[in-house]
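Inspection log for the structure reproduced underneath, given as structure tokens.
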Amino acid sequence: MTSASNQDLQGRVALVTGASRNIGRAIAVALASRGANIAVHVGQDHAAGEETAAAVRAAGGEAHVLSGDLSNPDIARSVVANAAGQFGRLDMVINNAAIRPEAPFAELTYENWRKVMGIALDAVFLVSQAALPHLKASDMASVVNIGGLTGHTGATERAHVITAKAGLVGLTKAMAHELSPLGITINCVSPGLIQTARLGAAAHAPKHHDTRTNLVGHRGSPEDVAEAVAFLCGPASRYITGETLHVNGGAYLA
Numbered sequence: 001m002t003s004a005s006n007q008d009l010q011g012r013v014a015l016v017t018g019a020s021r022n023i024g025r026a027i028a029v030a031l032a033s034r035g036a037n038i039a040v041h042v043g044q045d046h047a048a049g050e051e052t053a054a055a056v057r058a059a060g061g062e063a064h065v066l067s068g069d070l071s072n073p074d075i076a077r078s079v080v081a082n083a084a085g086q087f088g089r090l091d092m093v094i095n096n097a098a099i100r101p102e103a104p105f106a107e108l109t110y111e112n113w114r115k116v117m118g119i120a121l122d123a124v125f126l127v128s129q130a131a132l133p134h135l136k137a138s139d140m141a142s143v144v145n146i147g148g149l150t151g152h153t154g155a156t157e158r159a160h161v162i163t164a165k166a167g168l169v170g171l172t173k174a175m176a177h178e179l180s181p182l183g184i185t186i187n188c189v190s191p192g193l194i195q196t197a198r199l200g201a202a203a204h205a206p207k208h209h210d211t212r213t214n215l216v217g218h219r220g221s222p223e224d225v226a227e228a229v230a231f232l233c234g235p236a237s238r239y240i241t242g243e244t245l246h247v248n249g250g251a252y253l254a
């Protein structure tokens, strides 16, 4: 983990969506350990959001919990406005919120297709666009979208998830072309197989994990992903934009 002396995000503010647990929580804590204050977004589990907020405070940052369905344009705008209003600024947006149900293509309903698209792709557009005025006012603004390995490799029973995650890569590039000249870096972090509460030792792993291997021989941690995100938000990465950073132990070599 980062040394406590590394305070390169001191006084800055990040909105982390989908931060109730796992990767989202780790990102919030990693940014807080560098001096940032965190708007912790959760879908419905406010109690889990408060647990993340407590972890953020333990890491040295201030925290404020926000909740709501970000696929709803009004709610997305409200969450961004409340985040910026709480702290008086907004420098970083981490679009991590997602759902990843599995279903064979022949059985996938349009309702479930739209639900995944709404959270994993539409919400990224809505939140990022709503945050734009605040990001333009920052002297070190960043947007980091959280993608996924199967968005690059494909997999069975995840047509909706894969399409959304692949779309994030394209959206990242499009946003970079338009927003980087304004001083805002836009990047994507694409995790591989990460050990999370959802993938505990006794948990049923998604089918696409059955044959997924990597070069390092083990799963990554949420903190591995969080460190990559923190780097892309910091001053050392200001010449990096429109890119996808793979954090997958060599499971996919771009």
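First residue of the sequence shown: 1, per the working numbering; consecutive thereafter. Glycine included, C-beta positions come from ideal geometry on N, C-alpha and C. Everything numeric in this text was worked out from a predicted model, so none of it was measured.
Nearest Cα to residue 251 within the set 181, 232 and 219: 219.
Secondary structure of residue 190 (DSSP, three-state): strand. The residue among 126, 234, 228 and 176 with its C-alpha nearest the C-alpha of residue 23 is 228.
As the crow flies, the alpha-carbon of residue 156 is around 7 Å from that of residue 104.
Assignment of alpha helix (DSSP H) within the region 45-123, counting only whole runs of 4 or more residues, yields 46-58, 73-87 and 110-117 in chain order. The residue from 166, 249 and 146 with its alpha-carbon nearest to that of residue 230 is 146. For residue 53, the closest of 182, 40 and 45 by C-alpha to C-alpha distance is 40.
The beta carbon of residue 166 sits closer than 7 Å to those of 151, all from its chain and outside the five residues before and after it, given in chain order.
The bridge partners DSSP lists for residue 6 come to none. The count of Cβ pairs closer than 8 Å, one atom from the region 233-251 and one from the region 168-186, reaches three, so the stretches are in contact. For residue 141, there is no enclosing alpha helix (DSSP H); the residue is part of the beta strand (DSSP E) that begins and ends at 141-146.
Counting C-beta pairs closer than 8 Å gives fewer than three between the region 109-127 and the region 25-34, which falls short of the contact rule.
With a cutoff of 9 Å on beta-carbon distance, residue 161 and residue 100 are scored as near each other. Between residue 95 and residue 127, the gap from beta carbon to beta carbon is short of 9 Å. In this structure, the straight-line span from the alpha carbon of residue 159 to that of residue 193 is close to 18 Å. For residue 253, the three-state secondary structure derived from DSSP is coil.
Residue 132 and residue 215 have their C-alpha atoms spaced approximately 39 Å apart. The Cβ atoms of residue 71 and residue 122 lie closer than 9 Å to each other. Of the candidates 253, 76, 237 and 236, 253 places its Cα closest to the Cα of residue 213. Note on geometry: alpha-carbon atoms of residue 234 and residue 120 lie some 24 Å from one another. Residue 50 is not a Cβ neighbour of residue 87, given a cutoff of 9 Å. For residue 175, the closest of 164, 129, 134 and 139 by C-alpha to C-alpha distance is 129. Taking the C-beta atoms as reference points, residue 43 is found no nearer than 9 Å to residue 60. Counting other Cβ atoms within 10 Å of its Cβ, residue 58 stays below 16 and is therefore classed as exposed.
Nearest Cα to residue 149 within the set 164, 17 and 91: 164. In the three-state reduction of the DSSP assignment, residue 215 falls in the coil class, being assigned neither a helical nor a strand state. The C-beta of residue 85 has fewer than 16 other C-beta atoms within 10 Å across all chains shown, which makes the residue exposed.
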